[in-house]
Amino acid sequence: MNKLTEQQKRAVQAVRKNVCVSAGAGTGKTRVLVERFLYLVQENLARPKEILAITFTEKAAQEMKERIAKGLRERNLEEARRELENAYIGTIHSFCARLLREHPIEAGVDPNFRVLKEEEAGLLKVLALDQLMEARFQEPAVFELLRAYSEKGIREAIEQLVNCAHAFGLEAASLILSVQQDDEKQSRINVSEALKPLKRLKGKEEDCAAIEEALEKEISNWEELETFKELKGRFKRSDSKPEIGIFKDVWDQWIASRADQLVQPVRTAFLNLVCDFESRYKGLKGERVSLDFNDLEYEALRLIEGDSLPSKACRELYRRNFKFVMVDEFQDTSPLQDRLIVHMSRPDNLFIVGDWRQSIYGFRGAEASLFLDKERLFLKGGKGERISLIDNFRSRGELLNPVNLFFKELWAGKEISFEPLQSALEFGKKDNPSVQFLTVNQAEEEGAQDGRMREAQVLAEEIKRLAHSGAYDYKDFAMLFRAGTDIFLYEYELRNLHIPYYVVSGRGFYHRPEIRDLISFFEVLENPYLDIPFAAVLRSPLVQISDDALFWLAEHSTRLEPKEPFYRAFLNSREIPEMNEEDRQKLDSFRTFFLELLGQKEKWSISECLEIVFERTQYDRYILGLPQGKRHFANLRKLEEIARELESRSPVHLGDFIRYIKGLETQEVRESEAQVEALEGNVVKLMTIHKAKGLEFKVVILPDLNRKGQNERARFLFDPEYGLGIRASNEASGESEDTLTFLRIKEKLIQRNHEESKRLLYVGMTRAEDHLILSGVSKSERNGTEEGGFDDGANWYEWIDQWSASNPGQFERRMIQSFPLKQGNPFSPLAEHKKIKTALEAGKPLEVKMPEEVGQIIESLKPIEPIQFDRIDLPVSAFAAFEHDPEEYRRTYELGILPQEGHPEAKPKDLGSEMLSATQTGGPAVLLGGRFAQHDKIEEWSESEDETELSAAEFGTVVHRIFEYLVSQPEKSGERLPYLLTRFSENLDQKTRDEIKKLSLQFLKSKQFVEIKQAKARHPEIPFVLRLHSGIIQGTLDLLYQTADGKWVIVDYKTSRIDDGGDLKIHAERYQGQLLLYALACYELLKISVSRASLYFVRADRSFDCSLESVDFAKLRERFETLQKEIITRRKS
1212 MNKLTEQQKR AVQAVRKNVC VSAGAGTGKT RVLVERFLYL VQENLARPKE ILAITFTEKA
1272 AQEMKERIAK GLRERNLEEA RRELENAYIG TIHSFCARLL REHPIEAGVD PNFRVLKEEE
1332 AGLLKVLALD QLMEARFQEP AVFELLRAYS EKGIREAIEQ LVNCAHAFGL EAASLILSVQ
1392 QDDEKQSRIN VSEALKPLKR LKGKEEDCAA IEEALEKEIS NWEELETFKE LKGRFKRSDS
1452 KPEIGIFKDV WDQWIASRAD QLVQPVRTAF LNLVCDFESR YKGLKGERVS LDFNDLEYEA
1512 LRLIEGDSLP SKACRELYRR NFKFVMVDEF QDTSPLQDRL IVHMSRPDNL FIVGDWRQSI
1572 YGFRGAEASL FLDKERLFLK GGKGERISLI DNFRSRGELL NPVNLFFKEL WAGKEISFEP
1632 LQSALEFGKK DNPSVQFLTV NQAEEEGAQD GRMREAQVLA EEIKRLAHSG AYDYKDFAML
1692 FRAGTDIFLY EYELRNLHIP YYVVSGRGFY HRPEIRDLIS FFEVLENPYL DIPFAAVLRS
1752 PLVQISDDAL FWLAEHSTRL EPKEPFYRAF LNSREIPEMN EEDRQKLDSF RTFFLELLGQ
1812 KEKWSISECL EIVFERTQYD RYILGLPQGK RHFANLRKLE EIARELESRS PVHLGDFIRY
1872 IKGLETQEVR ESEAQVEALE GNVVKLMTIH KAKGLEFKVV ILPDLNRKGQ NERARFLFDP
1932 EYGLGIRASN EASGESEDTL TFLRIKEKLI QRNHEESKRL LYVGMTRAED HLILSGVSKS
1992 ERNGTEEGGF DDGANWYEWI DQWSASNPGQ FERRMIQSFP LKQGNPFSPL AEHKKIKTAL
2052 EAGKPLEVKM PEEVGQIIES LKPIEPIQFD RIDLPVSAFA AFEHDPEEYR RTYELGILPQ
2112 EGHPEAKPKD LGSEMLSATQ TGGPAVLLGG RFAQHDKIEE WSESEDETEL SAAEFGTVVH
2172 RIFEYLVSQP EKSGERLPYL LTRFSENLDQ KTRDEIKKLS LQFLKSKQFV EIKQAKARHP
2232 EIPFVLRLHS GIIQGTLDLL YQTADGKWVI VDYKTSRIDD GGDLKIHAER YQGQLLLYAL
2292 ACYELLKISV SRASLYFVRA DRSFDCSLES VDFAKLRERF ETLQKEIITR RKS
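Note that the sequence shown covers residues 1212 to 2344 in this note's numbering.
Written out as structure tokens, the structure is:
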């Protein structure tokens, strides 16, 4: 074994003081940790169980244990080697779990708790969120929250906030933080200061006075905030006065601070949901006697950090027992983990190893600043020591030198100076440069995916060339990606050139064909009457019947009975004369096996069922014989392992297993395919840079350098310094409004992500031993500039391009000119293919020659229709359409055909038309028109409508948006109307704008609007989902308001044109079913009994009221459930 360097030796032997080892990439930090452990034991400074060694991964812990055991054997320290089995060497999570199991009573946990895997915890979180939404949806505050931010947005925000807060050791209950008290006050002071120089400007006295007056006013709603925002417009930046720019900036901050105050109810409602979610999630874990990884850390910290006597006793026990504490990869620890480590260590026994340049786990709560803070703390007062390891035992000098120069400039100006690495190994002579920078030129009209396809072709050919030169084997190459999103493009090109490869830790496991085949088999074993899975199984390698056989089975099932399940035809396949002998034998064999297993499925476990399937069908052997068969075969074994793991916890029913796997697939859990080849196998490795951390490869390729990091699109952000920041929904402007807290957190996150982006690039480049290839795509010869600093917002390609142009000779730059894609882009949308695109642009049908045989097959397939299930999910308008005319419903909602000649005259069934009373408020009757499906309303369709004008649906959308804002703040409607007309109709032609303006003014003068204005409460545009017996009904209420006497009223706007001679009352009656459904939704979801529903025909300016005082809602529900069954029955017929 090579001797330790002087710096390594210092690190190994440093005792009786805190030590911070800054270990650059490839400098042997693992060896230092192992040698230090051995040194402490050999010198009798500590026994193995008196040393706490924390690693970042289980793999690193196992490697460390093995190397220590080997070292103890070599030193004949057998007693210490035996004690090693119980030593505290492991990840932070394994240590926390051990801590809790050793002190369950003090920690308040069940000693037999099980640690949830990441995917299990994810499924439980989804269940907790489902329960939360179902229980709290009807609350007004929660309803408004979901309406403004969407259910999906709120669910994601809750999970993100809980995870982020956990990294700092916070529970949901402690998150109910308000914005800092001085925010608005300080912002006001800043505006006042910025206003002083403006007062001296000629002609600005009145404007400054208006600003000062605004500063003293309270803002109680978004309309007032919009008014104040307009004051900024009195000062124009074009005046070229710097003081005006300063004023505008601080004025924007003051506006944002006032938005913080307006959003307080949203903050309260959201944090209340977060607390409820955490409580429900905790309850679900408690039912399963389980803890997730976050719980391990939090509960351990609570045990050690508490002020109770048991906590103090535990803390002192471990501090006394652990004579030395060693922490690997300290730059990737979170604030919570740091607190745990501090409580475990003494003032002079903490030894940390890390490298701030390699901190790349910010998304897990890691803080690079913690490592730098520890460095400063240890050096303060001379009580600790900092040791720097810069001797690199991985890369050749010709590779390290330009990489050092590049990062020295990239990090120039930072507080911490960049320490360059120096090669400590001797390499043989190399003719070619060690760093290549490949730029693939791309045509201007091509998209990003086409560029990546070109780059993938170039890189695949470069790998082939280098491998064939004899300099490298395929196992020497690793392609390291910033993100795994487009790895499949590079896989495709490697396959085309027959280059063996392996994707490390991808997401593809649950989507692999062999896994889908087996899940389909389990689905039909659970329920043979599922037609699509059954057909998939028969066509799969499990049975492998021909397409012809599948067709005749489908045809025979309809011959037996129109809606006969596919399974029945399978059972009677011997009676199908058209079936050929080979397919008949396959079906006979499979039928015998399937029926046998079907009758005994309760007898076998899932893993045993898999073994039986493989034994009887030889499916695993078939898979093994396919290209990359070892990979597919290993996936089958991995599915068995998943089944056995589930069975080891508790009995698993077949249906539960299916739902579990499908749940993981739906949640896109990171489950990679089974690892067939070891990392040393002769294959090219493809992985993300995060997965490559700690690894090294002879040739490293960093492709897709143009990719940028993810933009921060969240509308809820959390930071322990600022609290909860919200991107508010401004009710007045209809747009998003950033609060001051949100802006501060966002700015902080952007800066942090920029810095982490640099560190991620550093980690990627320093994985290379002998050769580094950097590649990206350019639409011009160069993107960078030769002078000036680096732009933090630029991508990796732009940084490297700029630096390499300024430092010629450091990287070998190669420009690959644009070339035709070998096979086009197989992943581009169908509409992008040349023939199809030409036809679409010309507005002509695509000519497709159909062979006579295809026409015969299509004709014979006509009787085959999909099986309909006894469940139907439809919008409100579908039920109204079905009541009015079942044929119209069928044309629209089953066949998807819009009527070409207008709807027939209304012929309502017994809808209780006596409940309708017309109230004419004036206005002429005009032509037919209106919305159709976009707003889930029934509107008339006119064949005479000019297709060059705005469509009826789009016209209705604009009118509804304007009305939504008018009724929200009716007292300000006159003032807001010009703004709303400009905002929503500015892109329309003048004739349409004039008509919308006329209808809006007419609405403001109507009796309908007068009553709305006098209402106690108004709720516009309420989306809902109502669950009935046979499915769900979706819809949107245009307006729900409460009159002055406390009665609730529904209003539904109709923008359709009515024929001059048409009877508006008859026209209105066809919508009554729709109104009744709205009333039922209010009753069941909001617990509100609606007294009246009103149809307001916008163009005719007439209202029709439907009294609902005497409605029996139980019978009403029964009526629509009957309608559901009628629709289902009609579909089956």
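Virtual Cβ for every residue (Gly too), placed ideally from N, Cα, C. Since this is a predicted model, take the numbers as computed values, not measurements.
Point to revise | Leu1394 vs Ser1501 beta-carbon contact at 7 Å | key: The residue asked about is misnamed: residue 1394 is Asp in this sequence, not Leu. Taking 7 Å as the Cβ cut-off, Asp1394 and Ser1501 do not qualify as a contacting pair.
Check your understanding: Can you tell which of Ser1751, Pro1914, Ile2207, Leu1583 has its C-alpha closest to the C-alpha of Met1664?
Key -> Pro1914
Exercise for review: Assign Pro2189 to buried or exposed, taking buried as 16 or more other Cβ atoms, counted over all protein chains shown, within 10 Å of its Cβ.
Suggested key: exposed
**Study point:** Glu1540 - DSSP class collapsed to helix/strand/coil
**Key:** coil
Exercise for review: Report the rounded CA-to-CA distance for Val1477 versus Ala1378, giving the unit in angstroms.
Suggested key: 24 Å
Practice item. Below 6 Å CB to CB, which residues in the same chain sit around Gln1668 once its five sequence neighbours on both sides are set aside? Key: Glu1704
Point to revise | Expected contact under 8 Å - CB spacing of Leu1311 and Val1320 to nearest Å | key: 5 Å
Exercise for review: Apply the 10 Å Cβ neighbour rule to Phe1574 and answer buried if 16 or more other Cβ atoms are within range, or exposed otherwise.
Suggested key: exposed
**Study point:** Residues bridged to Asp1949 [DSSP beta-bridge criterion]
**Key:** Arg1938
**Study point:** Neighbourhood of Glu1786 by C-beta, 8 Å cutoff - its chain only, sequence neighbours within 5 removed
**Key:** His1767
Practice item. Check Met1555 in the structure and name its three-state DSSP category. Key: helix
Practice item. Give a yes or no on whether the C-beta atoms belonging to Ile2011 and Ile1912 are separated by under 7 Å. Key: no
**Study point:** Residues near Gly1576 in its chain [Cβ-Cβ closer than 6 Å; skip 5 each side]
**Key:** Ala1378, Ser1545
Check your understanding: Quick one: is Val1252 buried, meaning 16 or more other Cβ sit within 10 Å of its Cβ, or exposed?
Key -> buried
Check your understanding: Does the distance from the CB of Glu1317 to the CB of Leu1514 come in under 7 Å?
Key -> yes
Review point. Alpha carbon to alpha carbon, how far is Met1898 from Val1714?
Key: 6 Å
Review point. Who are the near neighbours of Gln1647 in its chain, counting only those whose CB is closer than 6 Å to its CB and skipping five residues on each side?
Key: Ile1984, Glu2023
**Study point:** Ranges of the beta strand (DSSP E) found wholly within the region 1598–1657, counting only runs of at least 3
**Key:** 1646–1652
Review point. Which one or two residues does DSSP pair with Thr1266 in a beta bridge?
Key: Thr1302
Check your understanding: Quick one: is Gln1224 buried, meaning 16 or more other Cβ sit within 10 Å of its Cβ, or exposed?
Key -> exposed
Review point. Fully enclosed by the region 2243–2292, which beta strand (DSSP E) runs are 3 residues long or longer?
Key: 2259–2265
**Study point:** Beta carbon of Asp2316 nearer than 7 Å to that of Ser2305
**Key:** yes
Practice item. Please classify Val1320: does DSSP put it in a helix, a strand, or coil? Key: coil
Point to revise | Cα-Cα separation between Leu2327 and Leu2291, rounded to whole angstroms | key: 7 Å
Check your understanding: Which stretch, first to last residue, makes up the beta strand (DSSP E) that contains Arg1795?
Key -> First-last for Arg1795: 1792–1811, but that is the alpha helix (DSSP H), not the beta strand (DSSP E).
Practice item. With distances taken Cα to Cα, identify the nearest neighbour of Asn1483 among Trp1815, Val1461, Thr1977, Ser1385. Key: Ser1385
Check your understanding: By Cβ distance, which residues of its chain are closer than 6 Å to Asn1964, with the 5 residues on each side in sequence left out?
Key -> Gly1920
Review point. Using 8 Å as the threshold, is the region 1487–1498 in touch with the region 1517–1528, meaning 3 or more CB pairs across them?
Key: no
Review point. Anyone know if the C-beta pair for Arg1445 and Asp1463 falls short of 7 Å?
Key: no
Point to revise | Closest Cα partner of Asp1642 within the set Tyr1299, Ser2318, His1982, Arg2025 | key: His1982
Check your understanding: How is Glu1254 classed by DSSP in three states: helix, strand or coil?
Key -> coil
Check your understanding: Between the region 1734–1754 and the region 1921–1939, are three or more C-beta pairs nearer than 8 Å?
Key -> no
**Study point:** Val1477 - containing alpha helix (DSSP H), residue span
**Key:** 1475–1498
Review point. Three or more C-beta pairs closer than 8 Å, one from the region 1253–1272 and one from the region 1537–1555: is that the case here?
Key: yes
Check your understanding: Just how far apart, CA to CA, sit Gly2246 and Asp1799?
Key -> 50 Å
Practice item. With a threshold of 16 other CB atoms inside 10 Å of the CB of Gln2201, please say whether the residue is buried or exposed. Key: exposed
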